[in-house]
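J.: For the sequence shown, the residue numbers in the working numbering are -3 to 581.
For each residue, glycine too, the CB sits at the ideal point set by N, CA and C.
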Amino acid sequence: MISLPRLPLLDWGRQYDRDTLVSDLVAALIVTVMLIPQSLAYALLAGLPAEVGLYASVAPLLLYAVFGSSRVLAVGPVAVVSLMTAAAIGEHATAGSAAYWAQAITLAFLSGGMLLLMGVLRLGFLANFLSHPVISGFISASGLIIAASQLKTLMGVKAEGHNLVELLLALARQIPHTHALTLTMGVATAAFLFWVRKGLKPLLTRWGLSPKLADLCAKAGPVAAIAVTTGLTWALGWQAQGVKIVGHIPQGLPPLTMPVWDVALWQSLFMPALLISVVGFVESVSVGQTLAAKRRQRIDPDQELVALGASNLSAAFSGGFPVTGGFSRSVVNFDAGAQTPAAGVFTAVGITLASLLLTPALYFLPLATLAATIIVAVLSLVDFGILRRTWAYSKPDFAAVAATLLATLVEGVETGLIVGVGVSLVLYLFRTSRPHIATVGLVPGTEHFRNVQRHDVRVSPRLVSLRVDESLYFANARSLEDRVNDAVALQPALAHVVLQCSAINSIDASALESLEAIEQRLRDAGIVLHLSEVKGPVMDRLQATDFLRHLRGQVFLTHYQAVAQLTPELLATPAAHPAALPTTG
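Laid out in structure tokens, this is it:
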């Protein structure tokens, strides 16, 4: 179904008042302070000039405020998408070059177009193919790769690699060439930032600061690190001693840019753009839904596709690169009290002012400081606990997580994501191809039916009740045939087979043919096939087929009615257990 984009701005804009304005301004100030160092760092992570990170943090925030359905989501550069951008473009151009920047703009354009098209076509459900374990494994592995990629900057050496193994080997070879001053400053900055995240707020609270002010100071930790290390580099002449700095950052508004109109380039960037779009959308919606639930609000995934599409298109025309809703800055925006997307507009104004006024002060900013900022930010995304949790709860999910982790670490981000999705789909097909089909009997004194292997129930040798706990489709239709054949072979006195369909949500054409084959075989054996508790949508489709017209048996509203009519003696006889009957559990 195609739907025209709507404007959530018209919903919250009508109720905007002075109190909301104050809350949004305070949140915008806090997020702006946090976003400036992040934007610079993630642009460098993507292989782009530092100022591109600022450009990518202005127009996308404005467009999201117009189209976004989340009240607190903060859109801009994020670590994983920046890494995927570098991986996609690194094969076609040299990092930092004009061609590289042009291709990053083109990648944002393609990603924005895909997201917008998916939103118009209401394809938000496609993100469901990326399970949480796969996304967790992918983000954890990407976080490790990102952290490893920044170690070379911390060490002051050159080391390249497309995966974790290559990066670590290259770094090991460069250990003798480590720049001691750069490493000392980078490690000290990282240690400070780790401490600020956990220890500064409690310390300031004990000193008498209010919790809100202490939290603001803790959020400003990266800005303090930038100010101190930049000042020391300028005052002590560390640049002359080999410390690499950001250098000149152009002042001014984001430029008007255009994507590269090259069909061959578009073809080569199509798959990376699609993966970036899906990953960015899933990350953004996950954060948005989590934060919306805390305020009893809701977001519209299809509208989010439109909003993120518009944000990426605006990034393409304002010198940016692919963006999405960031976890850390959105949480900060939420905690700071943002009430509407207008906070994003005020943040965009703050970033614009920084681009116009503050960039000269960043000339002596050490690259190692930005590298430390990235490392601290991405390591918080690494969650190895998912391996333990999925191993204990679901071995297939563990396999998907492990495969995604290993493939991403060894082969790179794109391959890792594709492997994770592929493994998840294969495991799903394997599981659903072996559906749980239970032989059920009547629980004495009730109208309920339960598995004969788990409960003390009543059954009859003249009737077999099979509960199919899965929708029927091409991959599992044969399993149902085999299950019915086994039941017939083990009960010579069998006269009726009833399929309890309460858990069946759909029956595809292959499964319909299997049902027709089952009905014909049972008819030839003198046995009648019946159905019970068929759901309305399934019944609607069956009524348009020859299956029901040729069915000798009946379709019962409840399974109890089926048993009461076909084997009324069962309601008064003592419990019996057909021990020989097979069951899947």
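Which residues in the same chain as Leu58 place their Cβ atom closer than 8 angstroms to its Cβ, once the five residues preceding and following it in sequence are excluded?
T.: Excluding positions up to five away in sequence, the list reads Ser310, Gly340, Val341, Ala344.
J.: Using the C-alpha atoms, what's the distance from Val161 back to Pro578?
T.: Note on Pro578: pLDDT 43, under 50, position unreliable in the model; the coordinate value appears next. Between Pro578 and Val161, the C-alpha separation is close to 50 angstroms.
J.: Relative to the C-alpha of Gly322, which residue among Ala75, Phe426, Leu179 is closest?
T.: Measuring from the Cα of Gly322, the nearest candidate turns out to be Ala75.
J.: Would you check if there are 3 or more beta carbon pairs closer than 8 angstroms linking the segment 163 to 174 to the segment 92 to 105?
T.: In short, these stretches do not touch, since the Cβ pair count stays below three.
J.: Given this structure, state the Cα-to-Cα distance separating Thr28 from Leu423, to the nearest angstrom.
T.: When rounded, the distance between both Cα atoms is 44 angstroms.
J.: Go through its chain and collect everything with a Cβ distance to Leu6's Cβ below 6 angstroms, but skip five positions before and after it.
T.: Nothing meets the Cβ criterion.
J.: Within the same chain, show all residues whose beta-carbon is closer than 8 angstroms to that of Phe266, passing over the 5 residues directly before and after it, in chain order.
T.: Cβ within range, chain order: Leu106.
J.: How is Ala434 classed by DSSP in three states: helix, strand or coil?
T.: The answer is strand: DSSP assigns Ala434 an E or B state.
J.: Between Tyr556 and Val453, what straight-line distance do the alpha-carbon atoms span, to the nearest angstrom?
T.: Cα to Cα, Tyr556 sits roughly 13 angstroms from Val453.
J.: Note the first and the last residue of the continuous beta strand (DSSP E) segment covering Val74.
T.: Neither: Val74 is in no beta strand (DSSP E) and is coded neither H nor E.
J.: Span of the alpha helix (DSSP H) holding Val448?
T.: No alpha helix (DSSP H) contains Val448, which DSSP labels as neither H nor E.
J.: I need the straight-line Cα distance from Pro56 to Phe317, nearest angstrom please.
T.: Cα to Cα, the separation comes out at about 10 angstroms.
J.: Rounded to a whole number of angstroms, what is the C-alpha to C-alpha distance between Ile85 and Leu354?
T.: Their Cα atoms are separated by approximately 29 angstroms.
J.: Extract the residue ranges of the beta strand (DSSP E) inside the segment 4 to 28, only unbroken runs of 3 or more that lie entirely within it.
T.: Entirely contained in the segment 4 to 28, not one beta strand (DSSP E) run reaches 3 residues.
J.: Reducing DSSP to helix, strand and coil, say where Phe552 ends up.
T.: If DSSP states are grouped into helix, strand and coil, Phe552 belongs with the strands.
J.: Using the Cα positions of Leu122 and Leu165, report the straight-line distance between them to the nearest angstrom.
T.: Answer to the nearest angstrom: the Cα atoms are 38 angstroms apart.
J.: Exposed or buried, what is Trp234 when buried is set at 16 or more other beta-carbons lying within 10 Å of its beta-carbon?
T.: Buried is the call here.
J.: DSSP on Gln496, reduced to helix/strand/coil?
T.: Gln496: strand per DSSP, three-state reduction.
J.: Starting from His173, trace the beta strand (DSSP E) in both directions and tell me its first and last residue.
T.: Unbroken run through His173: none, as it is neither H nor E.
J.: Using 8 angstroms as the threshold, is the segment 201 to 220 in touch with the segment 148 to 159, meaning 3 or more CB pairs across them?
T.: Flag = no, the segment 201 to 220 and the segment 148 to 159 do not touch.
J.: Taking Leu547 as the reference, which of Leu553, Glu512, Val409 has the closest Cα?
T.: Looking at the Cα atoms, Glu512 is the closest of the given residues.
J.: Less than 6 angstroms between C-beta atoms, sequence neighbours within five positions excluded: which residues of the same chain meet that for Ile101?
T.: Correct list, in chain order: Thr253, Pro255, Ala312.
J.: Does the contact criterion of 3 or more C-beta pairs under 8 angstroms hold for the segment 125 to 140 versus the segment 392 to 403?
T.: Counting Cβ pairs under 8 angstroms, three or more are found: they touch.
J.: Taking the continuous beta strand (DSSP E) assigned at Arg463, which residues delimit it?
T.: Element bounds for Arg463: 459 to 464.
J.: Among Ser324, Leu261, Ser307, whose alpha-carbon lies nearest the alpha-carbon of Ser282?
T.: Out of Ser324, Leu261, Ser307, Ser324 has the C-alpha closest to the C-alpha of Ser282.
J.: Name the two residues that bound the continuous alpha helix (DSSP H) containing His128.
T.: Where His128 is concerned, the enclosing alpha helix (DSSP H) stretches over 128 to 151.
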